[in-house]
Amino acid sequence: MNFIVAALGVLGVASSGPLIAGTLGATSVTALAIAFWRNAIAAVVMASPVLIREPRQFRKITRNEFTWSAVAAVALAFHFACFITALQLTSVAAATALVCLQSAWIAVFQLLRGTRHRWPVLVGLGIALGGVAAITGFDMGTSPKALIGDILALAGGALAGLYTLAGGKARQSMGIGTYTTLCYGICAAIVAVLALTSGQPLVGFDAGGWLGIVAITVCAQLVGHTAFNHLLATMSPLLVSMIILLEIPGAALLAAVFLHETLPAGTYGGLALILVGLAVVVAGQRRGKGDAEGKIAELGAD
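Encoded structure:
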């Protein structure tokens with residue numbers, strides 16, 4: 001049973017990039033519209049069970065919980081803005097791999113705050129950095145637009161790391177339903193403001209566009225993330241974190257099959273280096289109770 005759930009989870013998160021790129025390329029849907037609707041719909045879906053079973057939970061939210069949820073929401077909003085825009089400029093495989101560096105960014109943030117990591121974490125960061133250099137180096141030589149997309153994807157990964165850390169603070173005392181409702185709701189509101197100020201419409205799309213938005217929300221936001229949250233109750237956080245890394249080759253494979261995306265051999269080498277580096281980082285971060293990996297697995301953004 002766990003194998004089936006894990007497979008659904010990987011397929012769900014790996015489909016995010018290809019679905020977004022396909023929807024943006026084939027319809028009039030805008031980048032911020034995708035970010036808005038996937039969060040707005042997810043907020044409603046996550047709020048429903050809480051409102052039915054424990055409606056008072058929303059009244060019990062403390063100032064500290066609201067603050068950390070808001071910080072997470074701001075980071076998540078700009079993460080989506082960066083990642084979805086990157087998918088319009090660079091390849092799905094490169095954007096997904098670079099944005100998946102959130103685990104490495106978390107390690108860097110912790111290092112800047114004085115955390116002393118084990119040597120495998122530093123080695124993993126170095127390997128992943130080599131993968132980043134390989135991907136951006138090839139894109140620099142082929143397309144300035146793709147290089148900008150790579151930079152946006154890197155920024156999206158850093159923002160995802162910040163979202164994870166802030167969400168971990170909020171989740172110390174909040175239930176998953178209450179937290180995700182608040183975080184996704186605030187995120188949707190921020191994205192709506194960004195769309196209004198940048199002139200990107202949130203409505204008025206054709207049937208294909210709305211179908212794409214629903215598919216992205218269901219596959220990536222609800223099926224993918226829900227599957228991994230379920231696995232955390234029956235599997236070790238370290239193993240779940242490792243399984244999530246399969247999003248990188250999964251997205252590349254789906255993009256190759258359905259979007260006919262082909263990449264230079266060197267770019268595939270960069271993807272492999274990032275995958276190996278992140279696996280070393282996640283394994284090296286394991287502690288006695290695996291708390292750090294649990295948060296990373298539970299709060300993945302894509």
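Take 1 as the starting number for the sequence shown in UniProt numbering and just add one per residue. Using N, Cα and C, we set each Cβ at its ideal position, and we do this for glycine too.
Between G124 and G270, the beta carbon gap of about 15 Å keeps them out of contact (Cβ cut-off 8 Å). The beta carbon of M174 sits closer than 6 Å to those of E65, all from its chain and outside the five residues before and after it, given in chain order.
Excluding sequence positions up to five before and after R171, its CB lies within less than 7 Å of the CB of Y179, all in the same chain and listed in chain order. Runs of the alpha helix (DSSP H) lying entirely within the UniProt domain "EamA" (148 to 282), each at least 4 residues long, are 176 to 198, 207 to 216, 225 to 231, 237 to 244, 247 to 258 in chain order. M140 carries a helical assignment under DSSP once its states are collapsed to helix, strand and coil. A straight line joining the alpha-carbon of L129 with that of T197 spans about 35 Å. In terms of Cα proximity to A26, the closest of G131, T234, L246, W210 is W210.
Taking a contact as a CB-CB distance under 8 Å, the pair G224 and G9 counts as one, their CB atoms being some 5 Å apart. Around the beta-carbon of I190, 16 or more other beta-carbon atoms lie within 10 Å, marking it buried. Judged by DSSP in its simplified three-state form, S103 adopts helix. A Cβ-Cβ contact shorter than 7 Å links L231 with V240. The Cβ atoms of T181 and A70 do not sit closer than 7 Å to each other. Between A107 and A158, the alpha-carbon positions lie close to 11 Å from each other. Taking every protein chain shown into account, the CB of M46 has 16 or more other CB atoms within 10 angstroms, so this residue is buried. Look at the beta carbons and you see the stretch 149 to 168 touching the stretch 76 to 91: at least three pairs across the two are nearer than 8 Å. For I41, the three-state secondary structure derived from DSSP is helix. With contacts defined as CB atoms closer than 7 Å, G161 and Q102 qualify as a contacting pair.
Look at the UniProt domain "EamA" (5 to 136) and you find these whole runs of alpha helix (DSSP H), each 4 residues long or longer: 16 to 26, 31 to 53, 63 to 86, 92 to 99, 102 to 112. The criterion of a C-beta distance shorter than 7 Å is not satisfied by G17 and V121. The way I'd put it, the stretch 89 to 96 does touch the stretch 256 to 266; three or more beta-carbon pairs between them come closer than 8 Å.
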